[in-house]
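One line per chain: the protein sequences are L and F, in this order.
Count along the first sequence from 1, add 117, and you get the number used in the working numbering.
Count along the second sequence from 1, add 1, and you get the number used in the working numbering.
Glycine included, each C-beta is placed from N, C-alpha and C at the ideal position.
Note that the coordinates shown come from a computational prediction; the quantities given were computed from them, not determined experimentally.
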Amino acid sequence: MNFVAFKMLVGDRPKYLGLIFAIGFASFLISQQCSIFCSLMLRTTSQIRDIVDASIWVMDPATLYFDEARPLPDNKLYRVRQVPGVAWAVPLFKGTATMRTDKGNFRAITLFGLDDTSLVGAPPHMLLGRLEDLSLPDAVIIDRDGYKLLYPGEPYKIGREIEMNERRGIIVGICKISRAFNANLVGFTRYSNALDFVGQQRNNMSFVLAQPDPGLSPEVVAQRIKAKTGLMALDWNAFGWKTIWYYMKHTGIPINFGTTIIVGIIVGMVVAGQTFYIFTIENLKQFGALKAIGVTNGTLLRMILLQASIVAFIGYSIGVSMCSFFIMRTTHLPATRGFTIPWQVFVFTAIIIFSIVLLASLASLRKVLVLEPAIVFRG
Amino acid sequence: MNSLAVPTAAVSLQGVTKEFGKGESSTLVLRGVNLDVYYGEITLIVGQSGSGKTTLLSVAAGLLNATSGTVMVLGQDLAALSPKEQVLFRRKNLGFAFQQFNLLPALTACENAAVPLLAAGVNRHEAIHRASLLLDRLGMTHRYNALPSKLSGGEQQRVAFARALIHEPHLVIADEPTSSLDSQTGQLVMELLTSISFSPNRAVIIVTHDDRIFRFGNRIATMSDGIIDHITSHTITPSS
Numbered sequence: 118m119n120f121v122a123f124k125m126l127v128g129d130r131p132k133y134l135g136l137i138f139a140i141g142f143a144s145f146l147i148s149q150q151c152s153i154f155c156s157l158m159l160r161t162t163s164q165i166r167d168i169v170d171a172s173i174w175v176m177d178p179a180t181l182y183f184d185e186a187r188p189l190p191d192n193k194l195y196r197v198r199q200v201p202g203v204a205w206a207v208p209l210f211k212g213t214a215t216m217r218t219d220k221g222n223f224r225a226i227t228l229f230g231l232d233d234t235s236l237v238g239a240p241p242h243m244l245l246g247r248l249e250d251l252s253l254p255d256a257v258i259i260d261r262d263g264y265k266l267l268y269p270g271e272p273y274k275i276g277r278e279i280e281m282n283e284r285r286g287i288i289v290g291i292c293k294i295s296r297a298f299n300a301n302l303v304g305f306t307r308y309s310n311a312l313d314f315v316g317q318q319r320n321n322m323s324f325v326l327a328q329p330d331p332g333l334s335p336e337v338v339a340q341r342i343k344a345k346t347g348l349m350a351l352d353w354n355a356f357g358w359k360t361i362w363y364y365m366k367h368t369g370i371p372i373n374f375g376t377t378i379i380v381g382i383i384v385g386m387v388v389a390g391q392t393f394y395i396f397t398i399e400n401l402k403q404f405g406a407l408k409a410i411g412v413t414n415g416t417l418l419r420m421i422l423l424q425a426s427i428v429a430f431i432g433y434s435i436g437v438s439m440c441s442f443f444i445m446r447t448t449h450l451p452a453t454r455g456f457t458i459p460w461q462v463f464v465f466t467a468i469i470i471f472s473i474v475l476l477a478s479l480a481s482l483r484k485v486l487v488l489e490p491a492i493v494f495r496g
Numbered sequence: 002m003n004s005l006a007v008p009t010a011a012v013s014l015q016g017v018t019k020e021f022g023k024g025e026s027s028t029l030v031l032r033g034v035n036l037d038v039y040y041g042e043i044t045l046i047v048g049q050s051g052s053g054k055t056t057l058l059s060v061a062a063g064l065l066n067a068t069s070g071t072v073m074v075l076g077q078d079l080a081a082l083s084p085k086e087q088v089l090f091r092r093k094n095l096g097f098a099f100q101q102f103n104l105l106p107a108l109t110a111c112e113n114a115a116v117p118l119l120a121a122g123v124n125r126h127e128a129i130h131r132a133s134l135l136l137d138r139l140g141m142t143h144r145y146n147a148l149p150s151k152l153s154g155g156e157q158q159r160v161a162f163a164r165a166l167i168h169e170p171h172l173v174i175a176d177e178p179t180s181s182l183d184s185q186t187g188q189l190v191m192e193l194l195t196s197i198s199f200s201p202n203r204a205v206i207i208v209t210h211d212d213r214i215f216r217f218g219n220r221i222a223t224m225s226d227g228i229i230d231h232i233t234s235h236t237i238t239p240s241s
């Protein structure tokens, strides 16, 4: 009877297409909004994930998230280095300045000051120039999006002069980094340079980056650092999640995206439910005839669930394909760079869509299951 | 031929009542019906609207349970069957033709005729092949692949008959098979139904208002106010 169920479904073309459209639309809305939400949340941790040299982040115990680090006194670095199991530890400065070009353009920049000797925390991919050139006087490496903002329409070129905090700097490299949550340019320089570019305070060290001895897990060593120094120490993954949860709790982002996702679910459920219901009501006599002929409720249940599954599968496929197309077309644009669809979004959307269609078909299913087959003899 | 000489009851209703609703709002539609329907015969059930014909048909077909009385169909007491067993019993032994045909609009004539076989788990190609052979006998060779919306009323009823007979049931039940057809087409489909369904191992029950088809019945049971008022019988053969 699967064949009959399939033909009943596709035979009523307007309703079939209406169902597919509703489910496809809901699927697109859910997967696209979830993808953008996840991508934005991942952006809040992009600068943590970009630093692959060190696996432990040490910071003030009151730190809530990555973008709000209270500077530590320099002696904390030495205390971290003394903790058993710490292979090495280096300082990382993170501050904000205004960068001005020789043409008068200026932009806010998030400036990272890297350990002068090791350059731990350096950008993972250089597009132009060499990382080692950071050792040159006043050297700065900036990210490609920042370069495009400072020098719109111009080709990549190193050796250009910039100014921060009335101090001259030289762009010695252009790098590719993951897109940050905020719209600031991102720059890298040596720790000592950074203090000059941003302006020294009593305490300057934003984070201590550390690496455990071989054979020791970052979590274990982080616990030791916490116990010995009283500082907060987290492996990069835990720090990333701490940052994500901060944005989840303290911004309207989840509510905003959640609302749209819920709208998608409601629209999908209402339209699909209504269409399924009308479809069933209009075919009630046919279902009655099938029951009279000897089609069992179990078979009818399987037929309707098959119809629901077909609609859900096609609608889901169309929706996530549209979402994939959207992400593919926009992931290279500056504003949406790095946007991606985590595999969990595919699974989540599938669960929601199949639930929507199942719920939508339940109302009509009940109507069919309790249907008195004698209805077929009523004119 | 013995079965015609000494008819055997395919359906036997004894003291059957059917009540709808409960308490003061209840309605007694069948008030103790006694009726035997024999193999090799066509039994017509006639009567005014509201006399209980359709309810009687539903009870005889196992689509409604009688409130009291005995309903024996093909030697089986329907009350002794569970709801699922009743469905399987109908699937195997009963064929239905409805007033409004109730063909599935998305299926072709051939596919519609094959539905009982598909429901019984017969392979789709086999079922459609058998349906096409039966449609040939009903003069529908050229309309195998037509959708019901493209068929005339007479053609739709022929497909409905094919669906009712495809699995060679022992009892065929038809509800007002000619009421949606013009006079000439009605006569034609009745001739077809009579010729194709006539078998010593099969009984046919037809509910009708249409006095023009009374001549096709071996027995005519006239219902009035929930009981069988009287039964007239005469002998017909497929050739007559």
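- The way I'd put it, the segment 190-202 of chain L doesn't touch the segment 264-273 of chain L; fewer than three beta-carbon pairs between them come closer than 8 Å.
- Fewer than three pairs of CB atoms, one per stretch, sit closer than 8 Å, so the segment 401-419 of chain L makes no contact with the segment 436-451 of chain L.
- Taken through DSSP and simplified to helix, strand or coil, K293 (chain L) comes out as strand.
- Per the coordinates, the alpha-carbon of G218 (chain F) lies some 9 Å from the alpha-carbon of I46 (chain F).
- Annotation for A139 (chain L): the continuous alpha helix (DSSP H) segment containing it runs 130-160.
- Residue range 308-315 is occupied by the alpha helix (DSSP H) that includes D313 (chain L).
- Leaving aside the five residues that flank S295 (chain L) on each side, the residues in its chain whose CB is nearer than 7 Å to its CB run, in chain order, S163, R166, D167, G455.
- Taking a Cβ-Cβ cut-off of 7 Å, S69 (chain F) has no neighbours in chain L, whose nearest Cβ is about 18 Å from it.
- Taking C-beta separations shorter than 6 Å and ignoring five residues to either side along the sequence, G270 (chain L) has no partners in its chain.
- Beta-bridge partners of P208 (chain L) (DSSP): L:V325.
- A Cβ of chain L is located within less than 8 Å of the beta carbon of K85 (chain F).
- Below the 8 Å Cβ cutoff, chain L contributes I410, G411 as neighbours of P117 (chain F), in chain order.
- Here DSSP, grouped into helix, strand and coil, assigns D37 (chain F) to strand.
- In the DSSP assignment, the residues bridged to G48 (chain F) are F:M224.
- A98 (chain F) is positioned such that its CB atom lies no closer than 8 Å to that of A10 (chain F).
- Here D255 (chain L) is actually not in contact with R277 (chain L); their C-beta atoms are around 12 Å apart, not less than 8 Å.
- The count of Cβ pairs closer than 8 Å, one atom from the segment 325-337 of chain L and one from the segment 201-212 of chain L, reaches three, so the stretches are in contact.
- According to DSSP, residue pairing for K19 (chain F) in a beta bridge involves F:L31.
- For M420 (chain L), DSSP assigns no beta-bridge partner whatsoever.
- Residue contact with chain L for F99 (chain F): present (Cβ-Cβ distance below 8 Å to some residue of chain L).
- Excluding the 5 residues flanking it on each side, I492 (chain L) has same chain C-beta neighbours closer than 8 Å at L401, K402, G405, in chain order.
- With the rule of 3 Cβ pairs closer than 8 Å, the segment 303-313 of chain L counts as touching the segment 220-235 of chain L.
- Between S180 (chain F) and G48 (chain F) a beta carbon distance of about 14 Å is seen, past the 8 Å cut, so the two are scored as non-contacting.
- For the segment 151-176 of chain F, residues whose beta-carbon sits nearer than 8 Å to a beta-carbon of chain L comprise R164, D176.
- Spatial neighbours of V173 (chain F) in its own chain (CB-CB distance under 6 Å, excluding positions within 5 residues in sequence) are listed in chain order as G96, A165, S198, V205.
- Contact with chain F is found for T416 (chain L), since one of that chain's Cβ atoms lies less than 8 Å from the residue's Cβ.
- With the rule of 3 Cβ pairs closer than 8 Å, the segment 124-137 of chain F does not count as touching the segment 426-437 of chain L.
- The beta carbon of P451 (chain L) does not come within 8 Å of any beta carbon belonging to chain F, so the residue lies off that interface.
- Among the residues facing chain F, Q403 (chain L) is included, as its CB has a counterpart in that chain under 8 Å away.
- Ranked by Cα distance from L148 (chain F), the first of F:Q157, F:G63, F:S184 is F:Q157.
- Between V303 (chain L) and I395 (chain L), the C-beta spacing is not below 8 Å.
- A residue is called buried when at least 16 other Cβ atoms come within 10 angstroms of its Cβ; V315 (chain L) meets this threshold and is buried.
- Cβ contact annotation for P106 (chain F) (same chain, cutoff 8 Å, sequence separation greater than five): L148, P149, S150, in chain order.
- Sequence-distant partners of Y273 (chain L) (beyond 5 residues in either direction) whose C-beta falls short of 7 Å from its own C-beta, in its chain, are L244, L245, Y264, I291.
- The residue among F:R159, F:G122, F:L119 with its C-alpha nearest the C-alpha of R138 (chain F) is F:R159.
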